[in-house]
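Residue numbers for the sequence shown follow the numbering used here, so the first one is 9 and each next one is one higher. Below is one structure, written out as structure tokens, with a few remarks after it.
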Amino acid sequence: MELLHLRVLREVALRGSISAAADALDYTQPAVSRQLAILERQTGQALVERTPRGARLTSSGRALLRHAEDILARVDAAKDEMEAIATLRGGRVRVSAFPSTIGSFVPSGLRAFGDRHPDVQVDFRVAEAGPALELLQRGAVDVAVTSLGLAAGPPPGIRAHPLMNDPFLLALPRDHPLADLAEVPVAALAGEQLIIGNPTTCPDCEVMLMACQDHGFVPERRYAVDDYGAVLGLVAAGLAAAMIPQLALTGRRADVVIRPLDAHLVRRIVAMTAEGPGGSAADEAMVAALADAAAAYRVVDGRRDEVVAGA
Numbered sequence: 009m010e011l012l013h014l015r016v017l018r019e020v021a022l023r024g025s026i027s028a029a030a031d032a033l034d035y036t037q038p039a040v041s042r043q044l045a046i047l048e049r050q051t052g053q054a055l056v057e058r059t060p061r062g063a064r065l066t067s068s069g070r071a072l073l074r075h076a077e078d079i080l081a082r083v084d085a086a087k088d089e090m091e092a093i094a095t096l097r098g099g100r101v102r103v104s105a106f107p108s109t110i111g112s113f114v115p116s117g118l119r120a121f122g123d124r125h126p127d128v129q130v131d132f133r134v135a136e137a138g139p140a141l142e143l144l145q146r147g148a149v150d151v152a153v154t155s156l157g158l159a160a161g162p163p164p165g166i167r168a169h170p171l172m173n174d175p176f177l178l179a180l181p182r183d184h185p186l187a188d189l190a191e192v193p194v195a196a197l198a199g200e201q202l203i204i205g206n207p208t209t210c211p212d213c214e215v216m217l218m219a220c221q222d223h224g225f226v227p228e229r230r231y232a233v234d235d236y237g238a239v240l241g242l243v244a245a246g247l248a249a250a251m252i253p254q255l256a257l258t259g260r261r262a263d264v265v266i267r268p269l270d271a272h273l274v275r276r277i278v279a280m281t282a283e284g285p286g287g288s289a290a291d292e293a294m295v296a297a298l299a300d301a302a303a304a305y306r307v308v309d310g311r312r313d314e315v316v317a318g319a
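Structure below.
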């Protein structure tokens, strides 16, 4: 039983004749008769009674029509909903991001998306890099803002859309000898206490450790902390130094000195989406809004400073 058969039955009931139903459907009368014959064979029931004035449904035909009306209404509603999703007049997009991007450019991207596509629902959650990838792979989010670490690219089945390169800076206690330098060589950190978290769960920490190894030393890691607010507290107390991404420095602290490093160390911030047919126009539009927000965002002297892209 096909939808066309049900539509033919509905038109015959509505028009009262096979010829009128054929005109409404833009079919020939024999074509409509064939569709009715197929439907009657499939159901094993006489569905239409021919009369001198046209055609009318039998009791079995009327029973089938009641169900057909519901089926066709649901199909039409599904088509309307799919069209709304495809044209960004409906649907939803589920987004995750990690804290320092939420404290910087991501809110502007979410706001811009909402302004452009007010009929699309946005569900948002906080997730660090590892959990975000897991959420994306099991279909719990559609767009995950995360960082790649040292990986050459995303895992199979995942697409990474570049958003920005976030440079690492060095946070030092104010009275630290290296604080007098305008730029600190990474090699000068050999023998220093550094705060570096677990590289297996923290892509940033992976970049930090590799930078130290590239400059000929393995850092002393007495404090394994991933939260940058906690890291700055430890630095301010004079317990250690730390490499910190610029986006994590959204506020000034008088008891911490921030210096650039002589090496170009960055974390690659990306928006990840699943490859294949599972994506939607809303996913693509969200990635575009986040990319625009990232391009229009910069940090000046540790403070947030949103600017117009290209200015």
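By construction, the Cβ of each residue, glycine as well, lies at the ideal position given by its N, Cα and C atoms.
Rounded Cβ spacing between residue i and residue j (contact assumed at less than 8 Å)
i: Val264; j: Leu247; result: Contact flag wrong, Cβ pair sits at about 12 Å.
i: Ala279; j: His169; result: 5 Å
i: Arg3; j: Val128; result: Residue 3 lies beyond the range of the chain shown here (9 to 319); nothing can be said about it.
i: Arg18; j: Leu80; result: 7 Å
i: Thr281; j: Arg167; result: 5 Å
i: Leu177; j: Leu269; result: 7 Å
i: Leu180; j: Arg267; result: 6 Å
i: Ser116; j: Ala301; result: 4 Å
Span separating the alpha-carbon of residue i from that of residue j
i: Leu186; j: Pro163; result: 39 Å
i: Glu314; j: Leu158; result: At Glu314, the pLDDT of 38 sits below 50, so the modelled position is not reliable; the number obtained from the coordinates is stated separately. Each residue's alpha carbon lies about 28 Å from the other.
i: Ala271; j: Pro193; result: 7 Å
i: Cys220; j: Ala85; result: 59 Å
i: Arg15; j: Asp78; result: 12 Å
i: Glu200; j: Ala249; result: 7 Å
i: Asp31; j: Met9; result: 22 Å
i: Tyr305; j: Phe113; result: 6 Å
i: Asp234; j: Pro139; result: 14 Å
Residue from the options with nearest C-alpha to residue i
i: Ala320; options: Leu44, Gly69, Arg15 and Gly111; result: Absent from the structure is residue 320, since the part of the chain shown begins at 9 and ends at 319.
i: Arg102; options: Leu118, Asp234 and Ala94; result: Leu118
i: Gln53; options: Glu89, Ser68 and His223; result: Ser68
i: Leu273; options: Ala296, Arg49, Asp212 and Glu283; result: Asp212
i: Pro107; options: Pro253, Arg23 and Gly122; result: Pro253
i: Ile203; options: His223, Ala245 and Gly224; result: Ala245
i: Arg97; options: Ala137, Phe121, Val83 and Val114; result: Phe121
i: Asp150; options: Ala179, Asp300 and Gly284; result: Gly284
i: Asn206; options: His223, Pro227 and Pro38; result: Pro227
i: Pro126; options: Val20, Ala148 and Ile93; result: Ile93
DSSP-derived helix/strand/coil call for residue i
i: Glu136; result: coil
i: Tyr35; result: coil
i: Gln201; result: strand
i: Phe106; result: coil
i: His13; result: helix
i: His75; result: helix
i: Arg230; result: strand
i: Pro175; result: strand
i: Ser68; result: helix
i: Pro126; result: coil
i: Ser27; result: helix
Per-residue burial, residue i [other beta carbons within 10 Å of its own, 16 or more giving buried]
i: Thr36; result: exposed
i: Met172; result: buried
i: Thr208; result: exposed
i: Ser155; result: buried
i: Ala319; result: Residue confidence is low: Ala319 scores 27 on pLDDT, short of 50, so the model does not pin down where it sits. Its coordinate-derived value is still stated next. It counts as exposed.
i: Met294; result: buried
i: Arg275; result: buried
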